[in-house]
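So the sequence shown is numbered by my numbering: it starts at 533 and just counts up by one. We treat Cβ as the ideally placed atom computed from N, Cα and C, and that holds for glycine. Please read all numbers here as calculations on a predicted model, not as lab measurements. Take a look at the structure set out below.
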Amino acid sequence: MSDAGRERGDVAGATADRVVLITGAGSGIGAALARRIAAPRQSLMLHSRGADEAARNRLTQVAAECSASGATCATVFGDLAERGAAQQVVHQTLVKFGALDQLVANAGHAQRQTLDSLDPDSLRAAFDAMPAAFGSLVNQATPALKASRCGRVIALSSFVAHRYRADTPFAATAAAKAALESLAKTAAAELAPHGVTVNCVAPGYTRKDRGPTADNASVWDRAAEATPLGRVAEPADIAALIAFLLSDEARHITGQVIHIDGGLTLG
533 MSDAGRERGD VAGATADRVV LITGAGSGIG AALARRIAAP RQSLMLHSRG
583 ADEAARNRLT QVAAECSASG ATCATVFGDL AERGAAQQVV HQTLVKFGAL
633 DQLVANAGHA QRQTLDSLDP DSLRAAFDAM PAAFGSLVNQ ATPALKASRC
683 GRVIALSSFV AHRYRADTPF AATAAAKAAL ESLAKTAAAE LAPHGVTVNC
733 VAPGYTRKDR GPTADNASVW DRAAEATPLG RVAEPADIAA LIAFLLSDEA
783 RHITGQVIHI DGGLTLG
């Protein structure tokens with residue numbers, strides 16, 4: 533492990549209660565979590581793929597809001613599906629803050645796709661972006677997590693790995709999220725002796741930042757109707773659960789897949 537990972541050499545890292553890396557923090561659940569945990573003595577490395585200028589501006593705005601709440605923030609961009617990108621994101625976190633206490637692997641996507649339309653490239657892309665990226669993030673972060681007094685890893689899964697219907701198929705995404713959960717449980721077993729907890733959060737239908745539009749309002753209506761509680765989740769609903777799992781109160785919870793879906797996966 534590098535000296536930076538051991539010593540919190542950066543001024544911000546040295547005075548922070550914890551250093552948290554959140555991938556996919558430019559919008560949705562990642563942005564909601566960053567805003568929720570932003571406070572004095574919190575150091576946040578916020579990641580986004582940064583596919584275009586608008587995406588970069590969104591992450592910059594989230595970082596500015598978190599800084600206004602007292603957190604020390606930095607941003608990093610990169611497509612985690614690309615070889616070496618995950619390792620670089622963790623490396624930049626350690627260089628900036630000198631430590632990494634908690635990792636939230638939130639970046640990902642959901643794509644409706646039937647099995648008979650599934651091609652090898654689509655399946656490979658889903659696995660590269662989610663379980664492969666998660667494995668790389670955790671591998672790179674493990675020395676720092678082991679050295680932390682509050683080591684936590686959260687992986688964002690999805691209801692699509694648990695609810696299978698012909699009218700809402702997610703062939704590649706469901707397979708990738710199921711693999712992600714398996715890797716998280718392996719990590720939970722391997723890191724438990726070091727006091728590091730690893731859990732998955734599996735949201736149901738969750739509203740996007742832009743919300744329903746005239747073009748897709750009916751899709752969101754159907755999602756609400758399919759959810760026993762009668763509504764889709766807000767990103768803040770999911771962020772609240774993740775924030776709890778990152779806290780000291782959740783120190784005895786590990787290896788779990790926790791559903792927050794309004795009852796969507798009841799049956």
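**Asked** Of the residues L612, P701, A693, V764, which one's Cα is nearest the Cα of G794?
**Response** Of L612, P701, A693, V764, the residue nearest in Cα terms is V764.
From the DSSP output, in three-state form, read off N671 for me.
Note: N671 maps to helix in three-state DSSP.
Skipping 5 residues on each side, what residues in its chain have a beta carbon closer than 7 Å to that of Q620?
For Q620, where only same-chain residues beyond five positions count, the Cβ hits under 7 Å are G610.
Pull up the distance between the alpha-carbon of A784 and that of D648, whole angstroms please. Per the sequence shown, the amino acid found at residue 784 is His instead of Ala. Distance from the CA atom of H784 to the CA atom of D648, rounded to whole angstroms, is 42 Å.
- Which first and last residues belong to the beta strand (DSSP E) in which T729 is found? 729-735 is the extent of the beta strand (DSSP E) around T729.
(Q) According to DSSP, simplified to helix, strand and coil, what is S580? (A) In this structure, S580 counts as strand in the three-state DSSP scheme.
- In three-state terms, what does DSSP make of I686? When DSSP states are grouped into helix, strand and coil, I686 belongs to the strand group.
Legend entry - 9 Å Cβ cutoff met for A720 and T729: With contacts defined by Cβ atoms closer than 9 Å, A720 and T729 form a contacting pair.
In the DSSP assignment, the alpha helix (DSSP H) including F629 goes from what residue to what residue? Segment 617-629, the alpha helix (DSSP H) holding F629.
I'd like to check one pair, Q634 with A658: are the Cβ atoms closer than 9 Å?
Cβ atoms of A658 and Q634: not closer than 9 Å.
Integer-rounded CB distance, given that S559 should sit under 8 Å from D741 = For D741 against S559, the beta-carbon gap comes to about 5 Å, under 8 Å, which counts as contact.
**Asked** Can you name, in chain order, every residue of its own chain whose Cβ lies under 6 Å from the Cβ of I569, other than the five neighbours on each side?
**Response** Cβ neighbours of I569 beyond the five flanking positions: A775.
How many angstroms separate the CA atom of S668 from the CA atom of S580?
-> When only Cα atoms are considered, S668 and S580 end up about 16 Å apart.
- Can you tell me which of G736, V751, L773, E766 puts its alpha carbon nearest to the alpha carbon of T759? Comparing Cα-Cα distances from T759 to each of G736, V751, L773, E766, the minimum goes to G736.
Please state if the CB of S714 and the CB of P767 are separated by a distance shorter than 9 Å. No; because the gap between Cβ atoms is not below 9 Å, this pair is not in contact.
**Asked** Are the beta-carbon atoms of L777 and I790 separated by less than 9 Å?
**Response** Contact flag set, yes.
### Message
Quick check: what's the CA-CA separation for V751 versus E757?
### Response
So the two alpha carbons sit approximately 10 Å from each other.
### Query
For the putative contact between L632 and V685, defined by C-beta atoms under 8 Å, what is the C-beta separation to the nearest angstrom?
About 10 Å; that fails the 8 Å criterion.
**OP:** Check the DSSP bridge columns for S680 and list the partner residues they point to.
**Re:** Within the DSSP secondary-structure output, S680 pairs in no beta bridge.
> Applying the criterion that 16 or more other CB atoms from any shown protein chain within 10 Å of the CB defines a buried residue, is M533 buried or exposed?
Replying inline: Since pLDDT at M533 reaches only 32, below the 50 mark, its modelled position is unreliable, and no value is offered.
Open item on the list: Only counting the same chain, and skipping five residues up and downstream in sequence, which positions put a Cβ closer than 6 Å to that of Q624?
Closed with: Excluding sequence neighbours, Q624 sits near V608.
Once DSSP output is grouped into helix, strand and coil, what is the label at H726? Helix, per DSSP.
Worksheet item: Can you tell me whether N638 is buried or exposed, with buried defined as 16 or more other CB within 10 angstroms of its CB?
Response: N638 comes out buried.
Q: Drop a sphere of 10 angstroms on the beta-carbon of A734, count the other beta-carbons inside from all chains shown, and report buried for 16 or more, exposed for fewer.
A: Of the other Cβ atoms in all chains shown, 16 or more fall within 10 Å of the Cβ of A734; this residue is therefore buried.
Exercise for the section: Quick one: residues in its chain with C-beta nearer than 7 Å to the C-beta of K717, no 5 flanking neighbours on either side, listed in chain order? Expected result: Sequence-distant partners of K717 (beyond 5 residues in either direction) whose C-beta falls short of 7 Å from its own C-beta, in its chain, are G787.
Euclidean distance between Cα positions of A755 and Y696:
Rounded to the nearest angstrom, the gap between the Cα atoms of A755 and Y696 is 14 Å.
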